[in-house]
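> Before we start, here is the structure in question, set down as structure tokens.
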Amino acid sequence: DAGITQSPRHKVTETGTPVTLRCHQTENHRYMYWYRQDPGHGLRLIHYSYGVKDTDKGEVSDGYSVSRSKTEDFLLTLESATSSQTSVYFCAIRGDRGSTEAFFGQGTRLTVV
Amino acid sequence: AQSVTQPDIHITVSEGASLELRCNYSYGATPYLFWYVQSPGQGLQLLLKYFSGDTLVQGIKGFEAEFKRSQSSFNLRKPSVHWSDAAEYFCAVWGSGTYKYIFGTGTRLKVLA
Numbered sequence: 013d014a015g016i017t018q019s020p021r022h023k024v025t026e027t028g029t030p031v032t033l034r035c036h037q038t039e040n041h042r043y044m045y046w047y048r049q050d051p052g053h054g055l056r057l058i059h060y061s062y063g064v065k066d067t068d069k070g071e072v073s074d075g076y077s078v079s080r081s082k083t084e085d086f087l088l089t090l091e092s093a094t095s096s097q098t099s100v101y102f103c104a105i106r107g108d109r110g111s112t113e114a115f116f117g118q119g120t121r122l123t124v125v
Numbered sequence: 007a008q009s010v011t012q013p014d015i016h017i018t019v020s021e022g023a024s025l026e027l028r029c030n031y032s033y034g035a036t037p038y039l040f041w042y043v044q045s046p047g048q049g050l051q052l053l054l055k056y057f058s059g060d061t062l063v064q065g066i067k068g069f070e071a072e073f074k075r076s077q078s079s080f081n082l083r084k085p086s087v088h089w090s091d092a093a094e095y096f097c098a099v100w101g102s103g104t105y106k107y108i109f110g111t112g113t114r115l116k117v118l119a
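First to last, the protein sequences are chains A and W. Quick note on numbering: the first sequence equals residues 13 to 125 in the numbering used here. Quick note on numbering: the second sequence equals residues 7 to 119 in the numbering used here.
Following this line, the structure appears as structure tokens:
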């Protein structure tokens, strides 16, 4: 298994509070991604990173920000959580040579009440 | 822009029957294509991938997929389904010019004993 750890695995938070999810990798892979998974929508890309301090928006970036200050960590922040951000969040990584597939973490289930 | 369409939200087959899950993609250049499987409460596992060469690719668990450029399709097949194949299946496209994986909305497979 690719060395990807998401934390926390489960979180319940209140509307209006900031929340940070962490993705940590031990593979030294260049590319990292944050997706959210919702019934009927599949996986939708929130933000991604193609190197330290290099990030870009995905399809559903509103209300989210990211940071990547070192190769191994990619943080997703919900600036002011809303009920519409209740979802399962997946982190994925990809190397920049050789294998082309994405490897996924186990997910973080976030509930905003 | 990249996009993936999985037209079947749910599919039910009997154990031992053959299976075909449809995937259509949109991407301007030669795509990198993937099929992932997700069991309930789990992360995503790669079944197979295509980026060049033989258009019929073999994957794990007895799955195969065929790339048809003229139809912009990458359908997943299995000759004889097992009860353990019940899961959700996602098709994805990665763009070498965008560095993004875009996923379809998924097909949930139910297997009848």
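Cβ coordinates follow ideal geometry from the N, Cα and C atoms, glycine included. This structure is a prediction, so every number in the text was calculated from the model and none was measured.
Do W:Cys-5 and W:Phe-80 have their C-beta atoms closer together than 8 angstroms?
Here chain W comprises residues numbered 7 to 119, so residue 5 of chain W is not present and cannot be evaluated.
> Does DSSP put A:Arg-21 in a helix, a strand or coil?
In the three-state DSSP reduction, A:Arg-21 falls in the coil class, being neither helix nor strand.
> Just confirm the distance between the C-beta atoms of A:Val-64 and A:Ser-81, as a whole number of angstroms; I'd bet it's less than 8 angstroms.
7 angstroms
> Along chain A, which residues have their Cβ under 7 angstroms away from the Cβ of W:Thr-111?
The contacting residues are Gly-52, His-53, Gly-54.
> Would you mind working out which of W:Thr-36, W:Thr-18, W:His-16, W:Gln-44 sits nearest W:Gln-8, comparing C-alpha positions?
W:Thr-36
> Taking the CB atoms as reference points, tell me whether A:Tyr-60 and W:Lys-106 lie closer together than 8 angstroms.
yes
> Can you list the residues of chain A that W:Gly-49 reaches, using a CB-CB cut of under 7 angstroms?
Phe-102, Phe-116, Gly-117, Gln-118, Gly-119
> Classify W:Leu-118: buried if its beta carbon has 16 or more other beta carbons within 10 angstroms, exposed otherwise.
exposed
> Measure the C-alpha to C-alpha separation of A:Cys-103 and A:Tyr-43 and round it to an integer number of angstroms.
Approximately 11 angstroms between the Cα atoms of the pair.
> Considering only residues of the segment 62–93 of chain A, which uninterrupted beta strand (DSSP E) runs meet the minimum length of 3 residues and lie entirely inside it, listed in chain order?
Unbroken beta strand (DSSP E) stretches of 3 residues or longer found wholly inside the segment 62–93 of chain A: 66–69, 76–82, 85–90, given in chain order.
> So W:Lys-67 contacts chain A; which residues on that side make the cut at Cβ distance below 8 angstroms?
Result: empty, since nearest Cβ-Cβ is about 16 angstroms, beyond 8 angstroms.
> CB-CB under 6 angstroms to A:Val-31, same chain, minus the five flanking residues each way: which ones, in chain order?
Taken in chain order, the residues that qualify are Thr-25, Leu-90, Ala-93.
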